[in-house]
Structures are given as C-alpha cells and as structure tokens.
Amino acid sequence: MKIGPNLKQVMEVKGVSAESVREALGWDSETLERVLSDRLSPGISELLRLATFLGVGIARLLNGSEQSEKRVMKTGKDERVGVDRKNLLHYESLAAAFAGRHLEPFVVDLYRREDEPDVSRHTGEEFLFVLAGELQVTVDGEAYRLEAGDSFYFDSLLPHSLVSLSEESRLVAVLYRGESMLQLTKGHGMKSLIEAARLVKKRSLVLVCPDRNSLRAVNKGIEEGILDTVYLVGSPGRIRENCGSELLFETHYQFVEIGPDAKDPETEAARRGVALVASGEGGMLMKGAMNTAVLVKAALSKEEGIGTGRRLSNVSILELPGVERLIFLTDPAINPELFTHENADSGVDIIDNAVEVARALGVERPKVALLEANEVPSEKIPTTVLEHALAKRQWPLADVSGPLSYDLALYPDAVAKKGLVGNPVAGRADILVVPHISGGNFLYKSWVFTMGAEVANVVLGARAPIILTSRSDSDLTKFLTICAGALYSHYLEKGKRQSEDLRLNR
-1 MKIGPNLKQV MEVKGVSAES VREALGWDSE TLERVLSDRL SPGISELLRL ATFLGVGIAR
59 LLNGSEQSEK RVMKTGKDER VGVDRKNLLH YESLAAAFAG RHLEPFVVDL YRREDEPDVS
119 RHTGEEFLFV LAGELQVTVD GEAYRLEAGD SFYFDSLLPH SLVSLSEESR LVAVLYRGES
179 MLQLTKGHGM KSLIEAARLV KKRSLVLVCP DRNSLRAVNK GIEEGILDTV YLVGSPGRIR
239 ENCGSELLFE THYQFVEIGP DAKDPETEAA RRGVALVASG EGGMLMKGAM NTAVLVKAAL
299 SKEEGIGTGR RLSNVSILEL PGVERLIFLT DPAINPELFT HENADSGVDI IDNAVEVARA
359 LGVERPKVAL LEANEVPSEK IPTTVLEHAL AKRQWPLADV SGPLSYDLAL YPDAVAKKGL
419 VGNPVAGRAD ILVVPHISGG NFLYKSWVFT MGAEVANVVL GARAPIILTS RSDSDLTKFL
479 TICAGALYSH YLEKGKRQSE DLRLNR
C-alpha cells in the first residue's frame, strides 16, 4: 500500500506537521520519511491510526480522495488501485473513488496456473471482455473458451472460475453486485472499518447452529471479501433443510456434523465449534440459532475452552453523529456490573478488553472514561469511589480517568465550562465504561435506535473474538460486527507472531 503522496496532500490540506504525525504514530523521522517517499508501506493498524488521527477515511489515503459524490469521474492510468495475488493475477480498479457505484470495473492480468482455480459465487452479474490471450471460463460446470475480442456475460450466482490458457491473458471485467455494505454506511469511521477488513488476510469463522439470519450475515462477509472458510457446525441435513436458499457459497463452507445420537446436540455443537477455534482452524466464533449461555459455557470450559483467564465482556463500537471518532462502549450486554464484590481491581479485565480492540482498530493510546453521574468521588455513590481507585492504577497502554460524567467524557465545551483542565481524557474519550449494564444498555439503544448510530459488537476476553448477534440487529450491524471481529482476529494473530519471533530471537 503506497500512500506517500496522498499522505503528504492530506497533511498539507489540514495543516498537520510532520512532528505531530510522528508523535501520533510513534514513528521516528526516518520512518515517516520512508512512508512519505513510498519506500515503506504502513500496516493495517497504522493505516487506521493515520486515518483516525487525520480525520479522513482510509480511501483518502489509498486513493488520494474520499469516495467522490460526483456523478461523473475520470480515472487516469496512474490513478488505478492495483492488487496482486500471489503471482496468479493482478487487477486494477477503474472506479475505486466513485461513491455509491453498483458496478465494479477492473482491468485484470491473469497468469497460467497448474493447480485448480478458485471457484466463486456471489449475487449479481459479470461481464468479461478479452483484450489479449486465451482463457477458459467455467460456469455451473460448463467450460467456455474465449479469445481476444470475445465477450462473456453470466449470472455470478452460479459457481464460476477463470483460468488463463496462455501464459498471460488480459481482460476487462465488470461486476454488478447491487448495493455494497460500504455504500450503506454513512460515516468515514465505519467505511474505514470495512476497507481495513478487506485489506487484511481473509479470516475463517466458525458458525455454530446456523440459521437463515446468521448465514445471511456470513454470506455477506464472504461476498465482500472479509471471510474465506466458514465452518457450519450442526446437522448438515437440518442446515440444508432450514437454510437451503442461503447456502450460496458451497466452496467456502465446511460442514462439521453433529450426529443424531448426540444426547444434547446444541451442547455438542458448541463444544465442537470451540474446539475448531482452540485448534487455530477457526479465527472467530459466531452464534447461530442457539442458547447464548451454552456457547459461552463451552468457550469458558477449563478443559476444552478458549478462555484467557479474563472476564468476557461486550464492546460496542459506534459512530455517533457529531463525534469525529469511533466510540467504544462497554459493557452494555454481558456483565451486570463493572465491579464485583466492591473490588476496584475487578474492573481491570473489562478495560483491558476494550483497550485491546480499540488498538486493533487504530487507536494507539485509547482515552478511557469511567462513567458516573458525577465526577466527584462520594461514599453516597460507591461506584464513584471504586472508579477513582481504578483510574489511579498504572495503565501502560491507555489514559484512564474516572469518575467522569457523560458530558465531560465526550464534549470539550462541557469541560471548558466546568473548568476541568489538565485531564487527558475529559472531552476526548475513545472508550466509555459504564458501572452497570442498565446504563450501558440505555446508552446503546438511544444511540442506535434514536440517533441512528452505526454499530458493531464484539465479545472479548477469549483467544478469539466471539460474535453474539441479536435477532433485532440489522444486516449492516451484523456485517460491521464481522468486520470488527476480523480486524481483532488479525490483531491477535499479529501479536502471536510477534511473541513467537521474540522467543526465537532470545
């Protein structure tokens, strides 16, 4: 990802100094110079941090502009966005910056390969025009040979694959997919979330007891390039009977059978699903049509689970109107209280979980506000005293302050009026931690249902993200949740690799 000229342009337009970029990213002068001169490509988390710090979408850094709202757009030869895939093909998007597009036009260079081609299937239609070389298109089991000058149009819901018969072929491919989830999002924060999830390696997901709603969300993840292998855990016969019309991507599914002789099929499905994640085959764990408590119990099993010793907690990631950053809210769904047994240290896990996912989404040093009705600790409100003690701990990866009222956590004007100067969190909080589940639930529902905030929800504290979608969640919420889970899974995998490298180099 070469972003140097685009980064320079954004810095100039916004009047951002090189020193402030270095400070925000933790880079030295040489690193920034290498990025600006396109001699170094930043990683996904760094790209997210840059976009967040500069207040732009990832598209601005990748393409040189936010997605254009104009109805007419020219893409010059040097403005195409190119992607290479393991020397098998190279393609360039011809309209990457056109907002709300329903067509995806590409120039594709396809190279001869000896192994079996990837088989695709997705909603929409495709058109191919061969510029050079010879290739074979196989649709629904029937092969078609194409030469330079030939064109081909087909329903892309049918299974299809493409191979070059010559050493190299070049073609124009135009895909129609209807509305992409990227087009349905409103703010640049969630658009950046989707774009970042598309850039990392495709993730595997374990779906336990699939139903139509959960499978529809998973299919969108496959279609949008977020997910690769999806393990469907349950009775294959029952899955096909209940979800037949939603089984669109057979080449991506692996059925994990729970036999009819199982005494408790739901418990056995949960156990098998957790085992796939524990073995490393599955990168995320998702609940289908089953009891949430059964899946959580299996995940936390001391013998076979994927627990880390931390408390599980839900983090809701929201883009609020009028707030120019993503807000992380915890815990509106799982833990009845932040503190157990009136012990301040019992809240550490919930903060650590939220800090980790914020860092995975590009917030290098999150600012954490411990919410209460008043910023002054008082024995009359015991949680204010516990929050004050918790905030006084050493926090190497975050700034933590509490208690803080809601207005002091989010709004600089309120901070100025109340004279709360010198507080690194006040008015700038990234993470809001509620003392009780009821308060978090009220905030969540008022933001989502009244303000129309876009949201993703991830359960953290295990060795992989857990997705517990609700029937009331919109399709967009479920998809954003999968995107957030994919980025957190990538973050955990990256951290594991770095830990292994450190051990090897000792």
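According to the numbering used here, the residues represented by the sequence shown are -1 to 504, in order. Think of the CB as a built atom: it goes at the ideal place given N, C-alpha and C, for glycine as much as any other residue. If you're wondering where the values come from, they're calculated on a predicted model, not measured in any experiment.
#### Entry: Supposed contact pair ALA171 and GLU124 - C-beta distance, whole angstroms, cut 8 Å
7 Å
### Query
Enumerated in chain order, which unbroken segments of the alpha helix (DSSP H) with a length of 4 residues or greater are wholly contained in the stretch 426 to 450?
435 to 443
### Task
Check each candidate in VAL70, LEU46, THR136 and ILE435 and name the one with the smallest Cα separation from PRO334.
ILE435
### Query
LEU45 to LEU485, Cα distance in whole Å?
12 Å
### Query
Distance, Cα to Cα, ILE464 vs SER277?
15 Å
### Query
Whose CA, out of SER399, LEU402 and ALA424, lies closest to the CA of ASP411?
ALA424
### Task
Count the C-beta pairs between the stretch 203 to 217 and the stretch 282 to 293 that are closer than 8 Å, then say yes if the count reaches three, no if not.
yes
### Task
Could you have a look at VAL198 and say whether DSSP puts it in helix, strand or coil?
coil
### Straight-line gap, ASN312 to ASP262 (C-alpha atoms, nearest Å)
27 Å
### Query
Grouping DSSP H, G and I as helix and E and B as strand, with all else coil, what is VAL11?
helix
### Query
Measuring CA to CA, which of LEU298, PRO433, ARG426 and TYR404 is closest to ALA461?
Checking the sequence, you will find Arg at residue 461 rather than Ala. For ARG461, the nearest C-alpha among the options comes from LEU298.
### Message
Rounding to the nearest angstrom, what Cα-Cα distance links HIS386 and ARG214 in this structure?
### Response
44 Å
### Message
List, from N- to C-terminal side, the alpha helix (DSSP H) runs of 4 residues or more that fit wholly inside the stretch 288 to 320.
### Response
290 to 297
### SER162 versus ALA49, VAL106 and THR265, residue with shortest Cα-Cα distance
VAL106
### Query
Around the Cβ of HIS339, are there at least 16 other Cβ atoms within 10 angstroms (buried) or fewer (exposed)?
exposed
### Message
From the DSSP secondary-structure annotation, give me the bridge partner or partners of PRO537.
### Response
One cannot answer for residue 537 here, as it falls past the ends of the chain, which runs -1 to 504.
### Message
Please tell me whether ILE220 and PHE247 are closer than 9 Å, where the distance is taken between their beta carbons.
### Response
yes
### Query
What are the partner residues of HIS158, as DSSP defines its beta bridges?
SER118 and VAL137
### Task
Apply the 10 Å Cβ neighbour rule to PHE337 and answer buried if 16 or more other Cβ atoms are within range, or exposed otherwise.
buried
### Task
With DSSP collapsed to three states, give me the class of GLY187.
helix
#### Entry: C-alpha gap between GLY196 and LYS12, whole angstroms
Checking the sequence, you will find Arg at residue 196 rather than Gly. Cα-Cα distance, rounded: 27 Å.
### Query
With C-beta atoms as the reference, is ALA371 less than 9 Å away from SER403?
yes
### alpha helix (DSSP H) segment containing LEU246, residue limits
Looking at the DSSP string, LEU246 is not in any alpha helix (DSSP H), and its letter there is neither H nor E.
### Query
LEU245 to ARG238, Cα distance in whole Å?
8 Å
### Query
Which value, in whole angstroms, describes the spacing of the CA atoms of VAL228 and LYS492?
21 Å
### Query
Curious, which full-length alpha helix (DSSP H) runs of at least 4 residues does the stretch 33 to 57 contain?
42 to 52
### Query
In whole angstroms, what separates the C-alpha of LYS390 from that of ASP343?
11 Å
### Query
Which residue or residues does DSSP assign as beta-bridge partners of LEU368?
VAL431
### Query
Where does GLU123 sit, in a helix, a strand or coil, going by DSSP?
strand
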